[in-house]
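Colleague: If you scroll down you'll find the structure; I have some questions about it.
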DNA sequence: CGTTATTTTAAACGCTTGTTTAAACTGCTT
DNA sequence: AAGCAGTTTAAACAAGCGTTTAAAATAACG
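Protein chains in written order, with the working numbering: chain C, 1 to 208; chain G, 209 to 416.
Structure follows, in structure tokens:
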């Protein structure tokens, strides 16, 4: 295993757990069992390391998401459930790519939106616009009556639901275990959230 | 204005803007125009200051929320829209209590859930359980068919939607201005999110 | 083998962090 | 006016941060 990958793996786990600001390079390099200076040698800076961690996932995920969403658009009368279900397989495929991959990635996404004053939001929307475009097309096909402005709000609400849920998914799984004696996985959380967001996006227009 | 309140006000704004980890005591005390040591003198530590900032809001908000939710429970056949609408007035009343009060409080809530590994979640659920209990009762009355386990998930999803939306509400309002030429307030965001979360919580049970 | 390149290493850099100290200052009571 | 509790202040503290440096170790190649 190369130094670069040891750093990426350690950084990913720590970032997901404690956030970008909350994780120091010394924690990362000591968990990766490499020298402190290796981060700056291989990645240049901490910020570039964060981007590299995210890119590793996005490069794996974004083509699969685009395919899945395009397939939904190609079907006859897709429901919103169909649209959101298109995310399941691509997301779960991250687990084959790496242990805890799905969970880590979604938690990182949540971190990126709240830590670091939105620089990661800029990074994702500018570097991977295809995913968002395809997603909007699919939602439009499933719910054509939804106006652009309503769509804007509801997609942001959905992003919030998913990102927040996943960034605290470990805690939720723990509570589900102690309160309901249920042994759940990240895939169960995903399957639970889909009816919720589909209903939210598909809500009737408000009266006022 | 007392030193204590000057610190609380400055801390609140900075915490909402840059998170708890991302704000230093030196930033707080220089914006408050007080001595650096004043924080430790009056509050003991940074962690206690965070609690004090949150408590100032929660002590104002929680009795009003409990009253509003109890009133909803007392009505004949409340809808989920009624339940969530009960939050509007208490939340907006924070604006009379302090400039930008509503927005700041909701952003702080979002920070507390993602920063600092959930110590604020513990703080809120143990210190203000009455709000949560009343809320669950109201939802149960509006949607009795919803099982305890489904309820658990959907309330967490709702928390995520609200908390995430509000922690990025400034950005959303900016985008709404540039994309749709709309001048929105935090109250508009709240009114937009209610149909969404009401539909999400009220979603039919999933088939699988 | 010898000579470049590449990578790893220990040490130090300058800076910021939260917290503590002890002296100075304030307003109040006797 | 003296004394005292409460408060504010400047200065320093130890610890942690991201980054840089230059030397040592390793790898690659003619």
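We put the CB at the ideal spot given by N, CA and C, even for glycine.
So for residue 392 (chain G), helix, strand or coil by DSSP?
Modeller: On the second chain, residue 392 (chain G) is found 184 positions in, with the first residue counted as 1. Three-state DSSP puts residue 392 (chain G) in coil, outside helix and strand.
Colleague: Could you spell out where the alpha helix (DSSP H) holding residue 303 (chain G) opens and where it closes?
Modeller: If you number the second chain from 1, residue 303 (chain G) lands on position 95. Taken as a continuous stretch (DSSP letters only), the alpha helix (DSSP H) holding residue 303 (chain G) covers 296-305.
Colleague: Under the assumption that residue 262 (chain G) contacts residue 331 (chain G) (Cβ atoms under 8 Å), give the Cβ distance between them as a whole number of angstroms.
Modeller: For the purposes of this step, residue 262 (chain G) is taken as residue 54 along the second chain, with counting starting at 1. For the purposes of this step, residue 331 (chain G) is taken as residue 123 along the second chain, with counting starting at 1. Confirmed, Cβ separation roughly 7 Å.
Colleague: Would residue 197 (chain C) count as contacting chain G if we go by Cβ distances under 9 Å?
Modeller: The count along the first chain starts at 1 and reaches residue 197 (chain C) at position 197. Cβ-Cβ to chain G under 9 Å: yes for residue 197 (chain C).
Colleague: Mind listing the chain C neighbours of residue 361 (chain G)? Cutoff is C-beta to C-beta under 7 Å, in chain order.
Modeller: As a position in the second chain, residue 361 (chain G) is number 153, starting the count at 1. What residue 361 (chain G) touches in chain C: 192.
Colleague: Is the number of C-beta pairs between the segment 145-162 of chain C and the segment 90-99 of chain C that are closer than 8 Å three or more?
Modeller: Short answer: they don't touch.
Colleague: With the cut-off set at 9 Å, would you say residue 201 (chain C) and residue 137 (chain C) are in Cβ contact?
Modeller: Taking the first chain and counting its residues from 1, one reaches residue 201 (chain C) at position 201. Taking the first chain and counting its residues from 1, one reaches residue 137 (chain C) at position 137. No. Outside cutoff.
Colleague: How long is the line joining the alpha carbons of residue 65 (chain C) and residue 131 (chain C), rounded to whole angstroms?
Modeller: Within the first chain, numbered from 1, the residue matching residue 65 (chain C) stands at position 65. Within the first chain, numbered from 1, the residue matching residue 131 (chain C) stands at position 131. Roughly 7 Å separates the two Cα atoms.
Colleague: Quick one: complete alpha helix (DSSP H) runs, 4+ long, within the segment 16-61 of chain C?
Modeller: Whole alpha helix (DSSP H) segments, 4+ residues: 25-32 and 38-43.
Colleague: Determine the chain G residues that contact residue 110 (chain C) at a beta-carbon separation under 7 Å, and present them in chain order.
Modeller: Sequence index remark: in the first chain, residue 110 (chain C) carries index 110 (1-based). Within 7 Å Cβ-Cβ: 322.
Colleague: Does DSSP put residue 320 (chain G) in a helix, in a strand, or in coil?
Modeller: Within the second chain, numbered from 1, the residue matching residue 320 (chain G) stands at position 112. Helix, per DSSP.
Colleague: Contact check, residue 94 (chain C) vs residue 60 (chain C) under 8 Å by CB: the rounded distance?
Modeller: For this step, residue 94 (chain C) is matched to residue 94 along the first chain. For this step, residue 60 (chain C) is matched to residue 60 along the first chain. That belief holds up - the Cβ atoms of residue 94 (chain C) and residue 60 (chain C) are roughly 7 Å apart, short of 8 Å.
Colleague: Should residue 156 (chain C) be flagged as near chain G, meaning a C-beta pair shorter than 9 Å?
Modeller: Residue 156 (chain C) sits at position 156 when you count from the first residue of the first chain. So, interface residue.
Colleague: Tell me which residue opens and which closes the alpha helix (DSSP H) that residue 337 (chain G) is part of.
Modeller: If you number the second chain from 1, residue 337 (chain G) lands on position 129. Looking at the DSSP string, the run of the alpha helix (DSSP H) that includes residue 337 (chain G) is 337-350.
Colleague: Of the residues C:43, C:195 and C:159, which one's Cα is nearest the Cα of residue 107 (chain C)?
Modeller: As a position in the first chain, residue 107 (chain C) is number 107, starting the count at 1. Checking every option, the nearest Cα to that of residue 107 (chain C) belongs to C:159.
Colleague: Find out if the Cβ-Cβ distance for the pair residue 111 (chain C), residue 168 (chain C) is shorter than 9 Å.
Modeller: For this step, residue 111 (chain C) is matched to residue 111 along the first chain. For this step, residue 168 (chain C) is matched to residue 168 along the first chain. No, the pair does not count as a contact, with Cβ atoms beyond the cut-off.
Colleague: Counting along the chain, where does the alpha helix (DSSP H) carrying residue 363 (chain G) start and finish?
Modeller: By 1-based counting over the second chain, the position of residue 363 (chain G) is 155. 356-375 is the span of the alpha helix (DSSP H), which, as asked, contains residue 363 (chain G).
Colleague: If I follow the unbroken alpha helix (DSSP H) through residue 85 (chain C), where does it start and stop?
Modeller: Start at 1 with the first residue of the first chain, and residue 85 (chain C) comes out as number 85. Where residue 85 (chain C) is concerned, the enclosing alpha helix (DSSP H) stretches over 80-85.
Colleague: Are the segment 4-15 of chain C and the segment 28-39 of chain C touching, with three or more C-beta to C-beta distances below 8 Å?
Modeller: Yes, they touch.
Colleague: Between the segment 177-194 of chain C and the segment 377-393 of chain G, do at least 3 Cβ pairs fall closer than 8 Å?
Modeller: At 8 Å Cβ cutoff, the stretches do not touch.
Colleague: Closest Cβ-Cβ distance between residue 105 (chain C) and chain G: below 9 Å?
Modeller: As a first step, residue 105 (chain C) is located in the first chain; it is residue number 105 there, counting from the start. Not one chain G Cβ lies under 9 Å of residue 105 (chain C).
Colleague: Give me the residue from C:105, C:190, C:82 and C:196 with the minimum Cα distance to residue 140 (chain C).
Modeller: On the first chain, position 140 is the one that residue 140 (chain C) refers to. The shortest C-alpha separation from residue 140 (chain C) is found at C:82.
Colleague: Find the nearest neighbour of residue 127 (chain C) within the set C:52, C:21 and C:102, judged by alpha-carbon distance.
Modeller: Working through the first chain from its first residue, we reach residue 127 (chain C) at position 127. Ranking C:52, C:21 and C:102 by Cα distance to residue 127 (chain C) puts C:52 first.
Colleague: Report buried or exposed for residue 265 (chain G), applying the criterion of at least 16 other Cβ atoms within 10 angstroms of its Cβ.
Modeller: Counted from its first residue, the second chain places residue 265 (chain G) at position 57. Buried, since its Cβ has 16 or more Cβ neighbours within 10 Å.
Colleague: What in chain C is Cβ-close to residue 310 (chain G), meaning under 9 Å?
Modeller: Your numbering for residue 310 (chain G) matches position 102 in the second chain. What residue 310 (chain G) touches in chain C: nothing, since even the nearest Cβ is about 17 Å away.
Colleague: Just verifying my parser: in three-state terms, what is the DSSP assignment at residue 76 (chain C)?
Modeller: Along the first chain, one-based indexing puts residue 76 (chain C) at 76. The answer is coil: DSSP assigns residue 76 (chain C) none of H, G, I, E or B.
Colleague: Counting only Cβ pairs nearer than 9 Å, list the residues of chain C close to residue 387 (chain G).
Modeller: Position 179 of the second chain, counted from the start, is the residue given in the question as residue 387 (chain G). In chain order: 148, 149 and 152.
Colleague: With DSSP collapsed to three states, give me the class of residue 192 (chain C).
Modeller: By 1-based counting over the first chain, the position of residue 192 (chain C) is 192. Three-state DSSP puts residue 192 (chain C) in a helix.
Colleague: Give a yes or no on whether the minimum CB-CB distance between residue 158 (chain G) and chain C is below 9 Å.
Modeller: Residue 158 (chain G) is absent from the model: chain G starts at 209 and stops at 416.
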